[in-house]
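Below is one structure, written out as structure tokens, with a few remarks after it.
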Amino acid sequence: MSFTDTIDKYSLIIFFVLSYVITIIATLVILITNSLFIPMMILSVFSPTISAIIVSGFIGGWTEIKKLFKGYLKWKVNYKWYLAGFFLMIGPLIFTLFYHLFGGDSPGPVSGFTVLSFFGILFLNLLIGPLSEEGGWRGFALPKLESRYNALVSSLILGIIWACWHLPYYFVEERMPFYIFVPLVLVISILMTWGYNNTNGSLIITIIFHFSFNFNGRFITGNLGLLPEMVFQIAGGVMIGIYVIVVVLYAGPEKLSRKLDSEMPFIKYTNR
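If you read the sequence shown in the numbering used here, its first letter stands for residue 94, the second for the next number, and so on.
See below:
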């Protein structure tokens, strides 16, 4: 077996290990030097996509790397998938509206928060996570997992690895409690697989799902302070839980889609 064949055979494991190693090293540099926060955070949040590019390059050179990035160009999909992704943001905003209409209390915006900072954080919300990670998690890892397991199992495996990849960040910044974060990531992972499979591997759609998910924490309970944390966690958990149950029951756990196997963005392998 050649070196390239070995990389190809263990590509998924190598990808996950490399993503973790880059992130751990970057966060260790921040902790040890107490500096370089911005460049190291940028390196770490891009680690899944960087790792996917490296592994793809070893497997098939530029041809394989180009395949990886094709998902970013798949924007001509049915409008309902854009709505499905943005619903993760729209749903909580609608709940927030009714919460305030019925006299609910909220902490209010953080001190010094302005319209300019809103758009700045909105851009970061798109860059950090959605744009920086999806090429790796969904563009590279998900199709390989789905070639071996059904869509639901693949989503849960990827969700656990994805959630645990965030652990080093807990040492350098304040974050949502991990015991709340993990179930939310597992649920969003299922929804993102659903969107990915039904759009023939559109990373634009998974980016929208990811962006909407992050928006809630950064704005609804974060900078805008529209809802108390506990209210959001309970209401948001119920809403997203119902959402994913309906999706799994309707689309089925095998492919999270009613489309033909030939329309899926992965190929099933039986002897690999």
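Even for Gly, the Cβ is constructed at its ideal location relative to N, Cα and C.
Between which two residues does the alpha helix (DSSP H) carrying W258 extend?
-> In the sequence shown, counting from the first residue as 1, residue 258 sits at position 165. Per DSSP, W258 belongs to the alpha helix (DSSP H) from 244 to 258.
Using alpha carbons as the reference points, say which of F151, L194, I273 lies closest to S95. Position 2 of the sequence shown, counted from the first residue, corresponds to residue 95. For the residues F151, L194, I273, the minimum Cα distance to S95 belongs to F151.
How would you write the range of the alpha helix (DSSP H) that S149 sits in, first residue to last? The residue given as residue 149 occupies position 56 in the sequence shown. Segment 140 to 162, the alpha helix (DSSP H) holding S149.
Considering just the uninterrupted stretch of the alpha helix (DSSP H) at Y172, what are its terminal residues?
For the purposes of this step, residue 172 is taken as the residue at position 79 of the sequence shown. Segment 172 to 194, the alpha helix (DSSP H) holding Y172.
Going by C-alpha to C-alpha distance, which of S225, G184, L249 sits closest to M285?
As a first step, residue 285 must be located in the sequence shown, where it is residue number 192. That would be L249, whose Cα lies nearest to the Cα of M285.
- Task: Compute the Euclidean distance between the alpha carbons of R365 and V265, then round it to the nearest angstrom.
- Result: By one-based count along the sequence shown, residue 365 stands at place 272. By one-based count along the sequence shown, residue 265 stands at place 172. Annotation note: pLDDT 42 at R365 (below 50); position unreliable, coordinate value reported separately. One C-alpha to the other measures close to 39 Å.
Discussion item. Let's see if you can read the secondary structure: which residues bound the alpha helix (DSSP H) around G288?
Written reply: By one-based count along the sequence shown, residue 288 stands at place 195. 271 to 291 is the extent of the alpha helix (DSSP H) around G288.
* Asked: If we call anything under 8 Å between Cβ atoms a contact, is P236 one with G318?
  -> By 1-based counting over the sequence shown, the position of residue 236 is 143. By 1-based counting over the sequence shown, the position of residue 318 is 225. Taking 8 Å as the Cβ cut-off, P236 and G318 do not qualify as a contacting pair.
For G294, verify whether its CB is less than 7 Å away from any heavy atom of the ligand FAD.
Inclusion of the ligand FAD in the displayed structure is not the case, the ligand content being empty and no account of it being possible.
**Message:** Relative to the C-alpha of M332, which candidate in M182, F109, D98 has its C-alpha closest?
**Reply:** On the sequence shown, position 239 is the one that residue 332 refers to. Ranking the options by Cα distance to M332, first place goes to M182.
Report task. Please go through the same chain and pick out, in chain order, the residues whose beta-carbon is closer than 7 Å to the beta-carbon of E239, but skip the five residues on each side of it. Result -> The residue you call residue 239 lines up with position 146 of the sequence shown. Correct list, in chain order: S247, F359.
### Task
Taking I115 as the reference, give the member of D98, L166, S137 with the closest Cα.
Translated into positions along the sequence shown, residue 115 becomes position 22. That would be S137, whose Cα lies nearest to the Cα of I115.
- Item | For N364, the three-state DSSP class (helix, strand or coil) | For the purposes of this step, residue 364 is taken as the residue at position 271 of the sequence shown. Low local confidence applies: a pLDDT of 46 at N364 is under 50, so the model's placement there is unreliable, with the coordinate-based value given in what follows. Here N364 sits in coil by DSSP.
Pairwise C-alpha distance: W258 and G205 | Your numbering for residue 205 matches position 112 in the sequence shown. Your numbering for residue 258 matches position 165 in the sequence shown. Near 32 Å, if we compare the C-alpha coordinates of W258 and G205.
Going by beta carbon distance, what residues of the same chain come within less than 6 Å of F188, once the five residues before and after it are set aside?
For the purposes of this step, residue 188 is taken as the residue at position 95 of the sequence shown. For F188, where only same-chain residues beyond five positions count, the Cβ hits under 6 Å are A328.
From this set, L260, N290, P321, which residue's C-alpha is nearest T120's C-alpha?
-> The sequence position of residue 120 within the sequence shown is 27, counting from 1. The residue with the shortest Cα to Cα distance from T120 is L260.
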